Amino acid sequence: MHDTTLLFTVAISLALAFVGGFVALKLRLSPIVGYLLVGALIGPHTPGFVADLALASQLSEIGVILLMFGVGMHFSVGDLLAVRNIALPGAILQILVATAMGMGLAHLWGWSLGGGVVLGLALSVASTVVLLRALEEQGELSSENGNIAVGWLIVEDIVMVLVLVLLPALSGWLGGQAGPTAGQNIIWTLGLTLGKVSLFVGFMLVIGRKLFPWLLNKVAATGSRELFTLFVIGVALGVAYGSAALFGVSFALGAFFAGVVIHESHLSHRAAANALPLQDAFAVLFFVSVGMLFDPKILWTHPFQVLAVVSIIIIGKSLAAFGLILALRYPLNTALKVSASLAQIGEFSFILAGLGASLGLLPPSGQSLILAGALISITLNPFIFHLTDFLKARLKNNPLLAKLNLRDSTSGAGLAGATLSGHVILVGFGRVGRVMGRLLGENKIPFVVIEQNRNTVEELQAKGIPAIYGDAESSEILHQVGLPQARYFVVTPLDSFQVRQLVQSARTINPAAQIMVRTHSDSERQFLESLEGKITIVGDVELGLTMTRHILQNYEQKTVAS
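For the sequence shown, the residue numbers in this note's numbering are 911 to 1472.
What follows is the structure, encoded as structure tokens:
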């Protein structure tokens, strides 16, 4: 009988992963927790059936390539530039702080310098998959806080891609088994590595940026969905392998830049959608194979080490991010949401841990400690998000934090010359707020904007539009924008907790004001409808009514004409 090891490994991994992911979702946890636990169940460190670890590791390489390809396809230079003032310095400083914490722990445990560097870096980077799911569940994905968190993760991802490229070259100097030894010319080796990477990146950005989108358009013109999907997957795997074979860079970097150049095409959304099923399947295999490396004994043989690792992930780096965001003069709400988003680790941590172990930098227990930290932090992350709402309510009245939160907005300079009577207050100036602001301006209706993006506020002020930077939940800011004299109070963000707080504050300060709220949640709609007062709720139902009304009007006109 022919060998069916590959088929059996894929089948058992996917089948059990489905069960594990389904149970995790029912428990309101990330499915990644289920995938990792299933991997541990069929791994060599637990009794019973043991899957082929070597084969699973090879399959996981495809998962890494497709994961990195997906990260590249969702990488937007525009989105990163929009939040660069906070994401770039914040992410880099947070990585340095968390890495220093990890190195300190490793030193206490007697690890080598390289082991400490790998541990610290692995604990410093959050999971993009977990973050996006958490933001989506919180209704924050398209909010300003969501944009900052995603931009922060993009910077972290870029740093980690560079780390994956440079670590093999530095491993000998850090005490590893591969690469140059401390006595060799590390500068020459590092320069050669950076030269190869620069050559590859230059090739992709100059030639690949034009070539691959052009080829994608040509394939799309054939009208064959199968050829289109094959081309997308072929580019991901081909560029990843070619980058390693020709330029000596990692599969991860090659796949990432393959995604970046495909993102340049107007067909990138279709490419992402077609690649998604295969990407999801192999990503699951990646998480299962990582789980197979987890030794559960670490939980009772080294409980204090596990606790220390989890503390850095959940408390240490989150507090570092919290302080950095406040130091960069952003509101308390932003500091809490972004720090909660970062209180977990994921796929890059696993990749880095595997590379560190293969280079002899990370001790045998290191991988299990990182995996334990990932399992616990991902499990607790939804609860940490809910905890931020409680902390916000308790901290917003703290005199010191209130001063930090209001220091850029209490001057009222952005409201100079504004007529604060019978006006409209717009909370948020995203896509909805911009449309409303343009139409209000065209109709000479006075309005004031409250916005948490400092760049947006400065742009509005430069155009002579009254705007103030800060958190709309602050009663001081609400009085500064003239809420007691306002006619309309419009809330455009979709953060459910913020919406409730704003509505209640607005009704207390000005019961006569007409309140307009944007929401997509049925439960939120029911809550707002239960309140007394002038509240207009705008959401999917109103959108459907408007679209249907347009159809009916045109339909009736055509019927009469015929």
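Ideal Cβ placement from N, Cα and C applies to all residues, glycine included. These numbers come from a predicted model, not from an experiment.
Item, Value
"Beta-bridge partners of residue 1379, as assigned by DSSP", "1361"
"Beta-carbon spacing of residue 930, residue 997 below 7 angstroms", "no"
"Chain-order list of residues whose beta-carbon lies under 6 angstroms from that of residue 941 (same chain, five-residue window excluded)", "931, 934, 935"
"Of the residues 1363, 1374, 1368, 1195, the one placed nearest residue 1382, counting alpha carbons only", "1363"
"Buried or exposed (CB count within 10 angstroms, at least 16 for buried), residue 1098", "exposed"
"Completely contained alpha helix (DSSP H) runs for the stretch 921-999, where each covers 4 or more residues", "941-951, 963-983, 987-992"
"Alpha-carbon spacing of residue 1341 relative to residue 1015, whole angstroms", "45 angstroms"
"Run of the beta strand (DSSP E) containing residue 1401, from where it starts to where it stops", "1398-1401"
"For residue 1254, the three-state DSSP class (helix, strand or coil)", "coil"
"Run of the beta strand (DSSP E) containing residue 1426, from where it starts to where it stops", "1424-1428"
"DSSP-derived helix/strand/coil call for residue 1336", "strand"
"Proximity below 7 angstroms, CB of residue 1427 to CB of residue 1336", "no"
"Residue environment, residue 951, which counts as buried when at least 16 other CB atoms sit within 10 Å", "buried"
"7 angstroms CB neighbourhood of residue 1026 in its chain, flanking five on each side removed", "1012, 1013, 1016, 1017"
"Anticipated Cβ contact below 8 angstroms, residue 1200 with residue 1260, distance rounded", "4 angstroms"
"For residue 1330, the three-state DSSP class (helix, strand or coil)", "coil"
"N- and C-terminal bounds of the alpha helix (DSSP H) containing residue 1151", "1135-1157"
"Residue burial classification, residue 1286 (beta-carbon count within 10 angstroms, cutoff 16)", "buried"
"Cβ-based burial, residue 1058 [other Cβ within 10 Å; buried from 16]", "buried"
"Buried or exposed by the 16-neighbour rule on C-beta atoms within 10 Å, applied to residue 1066", "buried"
"Beta-carbon proximity list for residue 1123, same chain, < 6 angstroms, skipping 5 on both sides", "1174, 1175"
"Neighbourhood of residue 1118 by C-beta, 6 angstroms cutoff - its chain only, sequence neighbours within 5 removed", "1171"
"Coarse secondary structure for residue 1174, derived from DSSP in three states", "coil"
"Residue 1302 burial status per 10 Å Cβ neighbour count (16 or more: buried)", "buried"
"Cα-Cα separation, residue 1244 to residue 1251", "11 angstroms"
"Buried/exposed call for residue 1247, threshold 16 Cβ in 10 Å", "buried"
"The stretch 1387-1398 touching the stretch 1354-1373, judged by at least three CB pairs closer than 8 angstroms", "yes"
"Candidates 994, 1006, 1021, of which the one nearest residue 1272 by Cα", "1021"
"Collapsed DSSP secondary structure at residue 1179 in the structure displayed", "helix"
"Outcome for residue 1214 when other beta-carbon atoms lying within 10 angstroms are tallied against a minimum of 16", "exposed"
"Reduced DSSP category for residue 1204 - H, G, I as helix; E, B as strand; rest coil", "coil"
"Segment limits, alpha helix (DSSP H) that includes residue 1114", "Looking at the DSSP string, residue 1114 is not in any alpha helix (DSSP H), and its letter there is neither H nor E."
"Contacts around residue 1002, its chain only, beta-carbon distance under 8 angstroms, and the 5 residues preceding and following it disregarded", "1065, 1069"
"Under the three-state DSSP convention, the category residue 1124 falls into", "helix"
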